[in-house]
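>
Residue numbers (UniProt numbering), protein chains in the order written: chain A, 1 to 589; chain B, 1 to 393.
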């Protein structure tokens, strides 16, 4: 191991919050050799970012304290530096890039000005012409096309990937020895991520800088790291060379994390896909309820309908096996969702954003169909349009043969219970003002499920237990739960009406990998027991391969490829699918 | 992990508990409670006639005999409100029951309470009321419009300056007791603030909510309506109406309410535009919940925070509007109001501090109290905020 550039010894960072102190970073030691990359991996809240911010001393003084530790950059302890001293290090010797490209650039300054400013700050004697020239060179270095002409562009004129390139250009303009990258590609599409990662590796080869790379994605680790540190609750539980840690993890936590990566998950659901769910499983009502003498008439009707559906389903599946005839629950024909762009005094429609353009798609009953594509390709719009949350411009959507488009809100209401949606963001998917109980029982009440309030509470409690949450959760507010728990509640709400079809819109994207694994296993389990049909919207190919029966790839509002998941992911035909799949950072090195 | 306390506390009960947790809000509520008490029991607190007296063995209650229709109705409504509050039913029904009861009380009172048409306050100090076995007078033995002519009051006497008669807050230019007038004026200030803001809030929430939820054409038309109403100068409209239709408290309330909703509508619209895109609202739509539930249960409580602060200022603003009108000499003639008293203070030739300080101070305190309550309410309605403050179980 060559002479380390950065050495962190016994670093502790305590953060004051409210009355107490949180040991955000608890006695970690690692070192980064010159020209190499050290990856810090861990789940959210494990202290990765705080470690990085400690190194560059960006934590506010009043909040953070360092009871012990040394951070040696070329032998100089950064923790003992005063303010002017650390300012001389920041930018010049250590630079940092952040996760969110949308907010890390100043929106009212052109990108050229921002880089020039950073340059002139650290090189006061540099004149404008030279600074401009260096800026353009830096932009060329990060492969911004036509760098000279984009000098005066503002951040909003650039795409997310380009903004992240500009951030990198800005960070590298002063040729730092150490680049700290805090989840630099998490907010980006997988194809863009692949380009950025390739760029960063190339720049490292060119300039010989070291990198402290923070990520939660083991695929990215495999691509970037020379050294890996795994963090758990502020402690560095395992440090080692990348290959060693990924191939033969020693610490149980590392093993657990690696096992939770979708590619490594055992696939218990596969065997059940072809099997005929028997009728009682389809109905899936608590036996006590089915036998209940006090059932209301509507409930009896519901039960009989469910039984009939189950029988028909069985019959149709038998038929499907015999004659290869597919029972499509959802049929989408020539669907268009166009958003008008309005301009001028009279708000004339000058053009349309064609979010979904001429899409036709069949979703077979009881299958999980994954809808993949990069951000802005229209996959979420398509999902919402199916549920009539977004009004289609043209085309037809049928559920169980029943046309959905053109129905009034009143006509749509009884159909709503057949189809539900679960959302991506655990922060905003539940009403913060309502008890979980209210969130779950209100739709039941509206649709006449359960004869009394007590019965609905009973059903809701059972639903939560199905989601592996305690019954007591009914009497709590959403903010008292973690992100993963909230996603379970969101799923419970979607299932409260006993729907046949659920759209899952990136429900695991905001979650840690181990929580994601739990949710995915839960989904397969529920699907098996309730014979649900799922439209699973995601950008994560690993999840697609783990979960779905069929895969649909969307690109710029249209479907470019669809078919069985094994076929689409194994032997993609469309060039875009090929590009998408090759961009996925794989764990296998 | 600590075991969560399982509570079946309703949403509104929880909000109340949290609202009441602070110190400032308790002071604010105490002040408003004092105002309510004064407003409801004004005739019993400050009046020239005895509460009870016994003359030749016959016990009578002159205050009750002279109770006006308005007094009786306010009293009845107050007790109906108390009774309804004790009932164990949900909030919406309580409000409905109260409104029904109050309307019924108004009808009954109107047909059964027949106070004497003419009240000569001097009589209460005459032999008919002085030569009694015993009598119980109100704490402040002066009616607000009793000008104490028989006592030879010169008017404009400073507090405690009059010999033989105690005037805690002095007397005004006509000789009436200032404290008595202050107490009776609570009614106008309280009712105009609450009713005018209530009207404005109701219109604002409905119009703003519909604009924000439906957006598009509804939003465009709604915004034009808002702009039209924002262009109406309320004070001049009030002046015009007063000039044409005479002075009426109820007209003032309606005008202040009907012209004052545009700000609330803007707030609600803004919040609803934001909330409409929230996933839990989308989920509510996807669950086929009725529009009223989506608007008022899933969206309004989440968008109500800025509204509450606006309302607390709105109540204060309505009180000030009435004070301004009264100050300009265009307020209600017969009943005293704080603004009118300030007006008197300014118009008198000498500076009499007690004429300005007490009504001015009360207006200030009331506005301040409403702001305190509004702020506490806003914090309580946000579960995240209140848990940070350590209220969490």
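Note that the Cβ used here is the ideal one computed from N, Cα and C, for glycine as well.
Could you tell me if residue 53 (chain B) is buried or exposed, where buried requires 16 or more neighbouring beta carbons within 10 angstroms of its beta carbon?
buried
> State the DSSP-derived secondary structure class of residue 20 (chain A), mapped to helix, strand or coil.
strand
> Residue 292 (chain B): buried (16+ other C-beta within 10 angstroms of its C-beta) or exposed?
exposed
> Note down, one range per segment and in chain order, each alpha helix (DSSP H) of at least 4 residues found wholly within the stretch 239 to 292 of chain B.
249 to 259, 262 to 276, 279 to 286
> Starting from the C-beta of residue 570 (chain A), find all residues in its chain whose C-beta is less than 8 Å away, skip the five residues before and the five after it, and write them out in chain order.
none
> Near residue 367 (chain B), what residues of its chain come up, given a Cβ to Cβ distance below 6 Å and the 5 sequence neighbours on each side ignored?
The residues are 316.
> Name, in chain order, the residues that DSSP records as bridge partners for residue 238 (chain A).
A:230
> Which residues share a DSSP beta bridge with residue 354 (chain A)?
Residue 354 (chain A) pairs with A:338.
> Name the chain D residues that come within less than 9 Å of residue 497 (chain A), Cβ to Cβ?
Any reference to chain D falls outside this structure, whose protein chains are A and B.
> With 8 Å set as the bound, which would you pick, yes or no: does the beta-carbon of residue 302 (chain B) sit closer than that to a beta-carbon of chain A?
yes
> With distances taken Cα to Cα, identify the nearest neighbour of residue 52 (chain A) among A:393, A:63, A:10, A:40.
A:40
> I'd like to check one pair, residue 460 (chain A) with residue 496 (chain A): are the Cβ atoms closer than 8 Å?
yes
> Taking a contact to mean a Cβ-Cβ separation below 8 Å, would you say residue 374 (chain A) touches residue 186 (chain A) in this structure?
The answer is no: Cβ separation not under 8 Å.
> Can you tell me which of the three DSSP states residue 358 (chain B) falls into?
helix
> Suppose you measure from the CA of residue 166 (chain A) to the CA of residue 139 (chain A); what does that come to, to the nearest Å?
7 Å
> First and last residue of the alpha helix (DSSP H) that includes residue 164 (chain A)?
160 to 172
> Name, please, each residue of chain A whose Cβ falls closer than 8 Å to the Cβ of residue 267 (chain B).
Ordered by position in chain A, no residue passes the 8 Å Cβ test against residue 267 (chain B), which lies about 17 Å from the chain.
> What is the residue span of the beta strand (DSSP E) that residue 550 (chain A) lies within?
550 to 555
> Please state whether the Cβ-Cβ distance between residue 548 (chain A) and residue 565 (chain A) is less than 8 Å.
Contact flag set, yes.
> I need the DSSP call for residue 177 (chain B), collapsed to helix, strand or coil.
strand
> Verify whether the separation of the beta carbon atoms of residue 404 (chain A) and residue 424 (chain A) is less than 8 Å.
no
> Does any C-beta atom of chain B lie closer than 8 Å to the C-beta of residue 420 (chain A)?
yes
> Is residue 293 (chain B) close to chain A, meaning its C-beta is less than 8 Å from at least one C-beta of that chain?
Interface criterion met: the Cβ of residue 293 (chain B) is under 8 Å from a Cβ in chain A.
> Are the stretch 168 to 182 of chain B and the stretch 136 to 146 of chain B touching, with three or more C-beta to C-beta distances below 8 Å?
yes
> Alpha carbon to alpha carbon, how far is residue 114 (chain B) from residue 36 (chain B)?
In this structure, the alpha-carbon of residue 114 (chain B) lies about 25 Å from that of residue 36 (chain B).
> Can you pull the chain A residues whose beta carbon is under 7 Å from the beta carbon of residue 270 (chain B), in chain order?
Here the premise fails: no neighbours, minimum Cβ distance about 17 Å.
> What are the start and end residues of each continuous beta strand (DSSP E) run of 3 or more residues lying completely inside the stretch 350 to 394 of chain A, in chain order?
368 to 372
> Just list the alpha helix (DSSP H) runs in the stretch 93 to 128 of chain B, keeping only unbroken ones of 4 residues or longer that don't cross its boundaries, in chain order.
121 to 124
> Between the alpha carbons of residue 327 (chain A) and residue 398 (chain A), how many angstroms are there, rounded?
13 Å
> Tell me which residues of the stretch 491 to 519 of chain A have at least one Cβ-Cβ distance to chain B shorter than 9 Å, keeping chain order.
Residues passing the 9 Å Cβ filter: 493, 494, 496, 497, 503, 505.
> Which of helix, strand or coil does DSSP assign to residue 468 (chain A)?
coil
> Could you pull the DSSP bridge partners for residue 73 (chain B) from this structure?
Answer by DSSP bridge pairing: none, since residue 73 (chain B) is not bridged.
> For the stretch 97 to 127 of chain B, list every residue whose C-beta sits within 8 Å of some C-beta in chain A, in sequence order.
none
> Just how far apart, CA to CA, sit residue 92 (chain A) and residue 121 (chain A)?
10 Å
> Can residue 377 (chain A) and residue 554 (chain A) be called in contact, C-beta distance under 8 Å?
yes
> Write down every uninterrupted run of the beta strand (DSSP E) in the stretch 442 to 509 of chain A whose length is 3 residues or greater and which is fully enclosed by it, in chain order.
501 to 505
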